[in-house]
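J.: Got a structure for you, written out below as structure tokens; questions coming shortly.
In the numbering used here, the protein residues as written are 4 to 444.
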């Protein structure tokens, strides 16, 4: 599952650490091409850095500072907010020593330094739920932190690039701060395990798993991701400087009743299922399936309606594991096993899209994942019976318009040509249309 769309991978580029609001390569004494006044007279800075200082002495709060001494004035924008979180701890921002009542609206301020604190909730006894996307600390003898931008990190308008750097002892971890039209920032500190290479990507794993098990699963995940890169049109953007992925694998007790994942900017989190602290027979497959699903969100540039945005990654998570002999459970088999317990299982995927978009009815999401993945499985099976494969059709969804959440006519026609009119009508009737809705000829 993801709460934000359209993340991306990008070419390798060395990141230059800049501690102030202007590049030391260009100087701060005069206005250059990298620092120009905007219409309101505010300076446009080349870059800034948010420095987060973490401490084992007080693990539940962290001090954040940003050097703003090169700006005469600037607009401070409130953090993005996670509406699902109750009882939020909103930070108080200080411009030098003056508190700022930021609220939900931007404020124009002038000072040499911004500072504030962010707060962390203790790691739940049964494990972290990635979908909650909260700041978490595991305050053990070897502490680690999960930092998210939600309700914690504001933005300074007109700054061309912002880094977020978290420091714990001698460890410093820096990431680009995404813009508001990009997925949210997640970063882990204190539980880094190992770095891997995935094609042109540098992948860093943060994990609660035993090192040997995490390394074993990571090598399988690299294979899975290489296959997914071959299938999905990827979001290579030469204007984006970050060519690194971060994976955070978090243990979760089965007795908690739910597990999952979440994708952020160049990163994702996934659960590893346990019973009383020990892996189950399905733990490896579940972790890799969640990781594969979330990695599609990171890789793909396809702009899809909600039902397809989740069901296509879910199907390819099953397919990737099947293809690499990691697990033999198919998406179609999973749906057959779970549909009786799935709310609204008799409704169509187009009905689910309408209920989610118009009525914000989240009870339809299990249907989207289960029945949606089964739909793509049926389509793929039909194509393979005719000597083709869904893999070669995915790129046709790129740059196509989905009117009212429905598959583009050109894509439908292409599938119909691949599997035959009769087979396509049956699949469309079984999965996409309401029971009373006729299938167009």
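Yeah, the Cβ is synthetic: ideal placement off N, Cα and C, and Gly gets one too.
Closer than 7 Å by C-beta to residue 329: which residues in its own chain qualify, once you throw out the five before and the five after it? Chain order, please.
T.: Here residue 329 refers to the residue found at position 326 when the chain shown is read from its first residue. 223, 288 and 291.
J.: Under 8 Å between the Cβ atoms of residue 235 and residue 302?
T.: For the purposes of this step, residue 235 is identified with residue 232 of the chain shown, where counting begins at 1. For the purposes of this step, residue 302 is identified with residue 299 of the chain shown, where counting begins at 1. Contact flag set, yes.
J.: Rounded to a whole number of angstroms, what is the C-alpha to C-alpha distance between residue 24 and residue 173?
T.: Sequence index remark: in the chain shown, residue 24 carries index 21 (1-based). Sequence index remark: in the chain shown, residue 173 carries index 170 (1-based). Confidence is the limiting factor: at residue 24 the pLDDT is only 27, short of 50, which leaves the residue's position unreliable and the question unanswerable from this model.
J.: Once DSSP output is grouped into helix, strand and coil, what is the label at residue 264?
T.: In the chain shown, residue 264 corresponds to position 261, counting from 1. Strand at residue 264.
J.: Among 435, 284, 414 and 164, which has the Cα closest to the Cα of residue 355?
T.: Numbered from 1 along the chain shown, position 352 holds the residue referred to as residue 355. Selected option, being the one with the closest Cα: 435.
J.: To which residues does DSSP link residue 400 through a beta bridge?
T.: Sequence index remark: in the chain shown, residue 400 carries index 397 (1-based). DSSP lists no partner for residue 400.
J.: Quick check on DSSP: helix, strand or coil for residue 162?
T.: Counting from 1 along the chain shown, the entry for residue 162 is found at position 159. Residue 162: coil per DSSP, three-state reduction.
J.: Can you find the residues in the same chain that come closer than 6 Å, C-beta to C-beta, to residue 78, ignoring five residues on each side of it along the sequence?
T.: On the chain shown, position 75 is the one that residue 78 refers to. Excluding positions up to five away in sequence, the list reads 109, 111 and 160.
J.: Helix, strand or coil for residue 176, going by three-state DSSP, please let me know.
T.: In the chain shown, counting from the first residue as 1, residue 176 sits at position 173. Residue 176 falls in the strand class under three-state DSSP.
J.: What's the call for residue 50, buried or exposed, on a 16-neighbour Cβ count within 10 Å?
T.: Working through the chain shown from its first residue, we reach residue 50 at position 47. Answer is buried; the Cβ neighbour count reaches 16.
J.: Could you tell me the distance, in whole angstroms, from the CA atom of residue 370 to the CA atom of residue 352?
T.: What you label residue 370 is simply residue 367 of the chain shown in a count that begins at 1. What you label residue 352 is simply residue 349 of the chain shown in a count that begins at 1. Answer to the nearest angstrom: the Cα atoms are 8 Å apart.
J.: Taking the alpha-carbon positions, what's the residue 142 to residue 65 distance?
T.: Position 139 of the chain shown holds residue 142. Position 62 of the chain shown holds residue 65. One C-alpha to the other measures close to 13 Å.
J.: Determine the direct distance from the alpha carbon of residue 144 to that of residue 122, and round the result to whole angstroms.
T.: Residue mapping note: residue 122 aligns to position 119 of the chain shown, counting from 1. Residue mapping note: residue 144 aligns to position 141 of the chain shown, counting from 1. Going by the C-alpha atoms only, they are around 19 Å apart.
J.: Could you work out which residue in 430, 52 and 82 is closest to residue 382 when comparing CA atoms only?
T.: As a working note, residue 382 is residue 379 in the chain shown. Ranking the options by Cα distance to residue 382, first place goes to 430.
J.: Compare the C-beta of residue 77 with all C-beta atoms of chain B and state if any pair is closer than 8 Å.
T.: The chain inventory of the structure shown lacks chain B, comprising one protein chain alone.
J.: Taking Cβ to Cβ, would you say residue 169 is nearer than 8 Å to residue 206?
T.: Reading the chain shown from its first residue, position 166 is the one you call residue 169. Reading the chain shown from its first residue, position 203 is the one you call residue 206. Cβ atoms of residue 169 and residue 206: not closer than 8 Å.
J.: Assuming contact is defined by CB atoms lying nearer than 8 Å, are residue 187 and residue 179 in contact in what I supplied?
T.: Walking along the chain shown from the start, residue 187 turns up at place 184. Walking along the chain shown from the start, residue 179 turns up at place 176. Not closer than 8 Å, so no.
J.: Buried or exposed: residue 5, going by 16 or more other Cβ atoms within 10 Å of its Cβ?
T.: As a first step, residue 5 is located in the chain shown; it is residue number 2 there, counting from the start. At residue 5, the pLDDT of 44 sits below 50, so the modelled position is not reliable and the matter cannot be decided from this model.
J.: Considering only their Cβ atoms, is the gap separating residue 209 from residue 152 smaller than 8 Å?
T.: Looking up residue 152 in the chain shown gives position 149. Looking up residue 209 in the chain shown gives position 206. For residue 152 and residue 209, no; Cβs fall outside 8 Å.
J.: Quick check on this structure: which residue in 74, 119 and 72 has the alpha carbon closest to the alpha carbon of residue 81?
T.: Within the chain shown, the letter at position 78 stands for residue 81. Comparing Cα positions, the closest option is 119.
J.: Taking residue 375 and residue 310 to be in contact with their CB atoms under 8 Å, please state how far apart those CB atoms are, rounded to whole angstroms.
T.: Within the chain shown, numbered from 1, the residue matching residue 375 stands at position 372. Within the chain shown, numbered from 1, the residue matching residue 310 stands at position 307. Yes, they are in contact, since the Cβ atoms of residue 375 and residue 310 sit about 6 Å apart, within 8 Å.
J.: Please state the DSSP three-state secondary structure of residue 1.
T.: No statement about residue 1 is possible, as the shown extent of the chain runs from 4 to 444 and does not include it.
J.: Please report the distance separating the alpha-carbon of residue 201 from that of residue 335.
T.: In the chain shown, residue 201 corresponds to position 198, counting from 1. In the chain shown, residue 335 corresponds to position 332, counting from 1. Their backbone Cα atoms lie some 30 Å apart in a straight line.
J.: Do you know whose CA, among 163, 320 and 176, lies nearest residue 147's CA?
T.: The residue given as residue 147 occupies position 144 in the chain shown. It is 176 whose Cα lies nearest to the Cα of residue 147.
J.: For residue 433, does the count of other Cβ atoms within 10 angstroms reach 16, so buried, or fall short, so exposed?
T.: The residue given as residue 433 occupies position 430 in the chain shown. It counts as exposed.
J.: Expressed to the nearest angstrom, what Euclidean distance is found between the alpha-carbon atoms of residue 296 and residue 320?
T.: Taking the chain shown and counting its residues from 1, one reaches residue 296 at position 293. Taking the chain shown and counting its residues from 1, one reaches residue 320 at position 317. Cα-Cα distance, rounded: 5 Å.
J.: If the criterion is Cβ atoms closer than 8 Å, does the pair residue 184 and residue 85 meet it?
T.: Here residue 184 is taken as the residue at index 181 of the chain shown, counted from 1. Here residue 85 is taken as the residue at index 82 of the chain shown, counted from 1. Result no, Cβ atoms of residue 184 and residue 85 do not sit closer than 8 Å.
J.: Return the Cβ separation of residue 367 and residue 358 in integer angstroms, given the expectation that the two are a contact with Cβ distance under 8 Å.
T.: One-based indexing of the chain shown puts residue 367 at position 364. One-based indexing of the chain shown puts residue 358 at position 355. The pair is a contact, with the Cβ atoms about 5 Å apart (cut-off 8 Å).
J.: With DSSP collapsed to three states, give me the class of residue 277.
T.: In the chain shown, residue 277 corresponds to position 274, counting from 1. Note: residue 277 maps to strand in three-state DSSP.
J.: Per DSSP, what are the beta-bridge partners of residue 421 in this structure?
T.: In the chain shown, the residue the question calls residue 421 occupies position 418. Looking at the DSSP assignment, residue 421 forms no beta bridge with any residue, so it has no partner.
J.: Provide the residue span of the alpha helix (DSSP H) that contains residue 297, from first to last.
T.: Position 294 of the chain shown, counted from the first residue, corresponds to residue 297. Per DSSP, residue 297 belongs to the alpha helix (DSSP H) from 286-302.
J.: Report the CB separation of residue 277 from residue 270 in whole angstroms; it is logged as a contact under 8 Å.
T.: Here residue 277 refers to the residue found at position 274 of the chain shown. Here residue 270 refers to the residue found at position 267 of the chain shown. Rounded, the Cβ-Cβ distance is 23 Å, inconsistent with contact.
J.: Use the C-beta contact count for residue 40: other C-beta atoms within 10 angstroms, 16 or more gives buried, fewer gives exposed.
T.: Within the chain shown, residue 40 is the residue found at index 37, counting from 1. Model confidence at residue 40 stands at a pLDDT of 38, short of 50, so the residue's coordinates are unreliable and nothing is read from them.
J.: What does a CB cutoff of less than 7 Å around residue 333 pick up in its chain, not counting 5 residues either side in sequence?
T.: As a working mapping, residue 333 is identified with position 330 in the chain shown. If we look at residue 333 and ignore the five residues flanking it on each side, its Cβ neighbours are 321, 325 and 380.
J.: Is it buried or exposed, residue 15, if we count other Cβ atoms within 10 angstroms and call 16 or more buried?
T.: Within the chain shown, the letter at position 12 stands for residue 15. Interpretation of residue 15 is limited by its pLDDT of 21, a score under 50 that renders its predicted location unreliable; the figure taken from the coordinates is listed afterwards. Residue 15 comes out exposed.
J.: Measure from the alpha carbon of residue 76 to the alpha carbon of each residue in 149, 106 and 162, then state which is nearest.
T.: Within the chain shown, the letter at position 73 stands for residue 76. Here the closest residue by C-alpha is 162.
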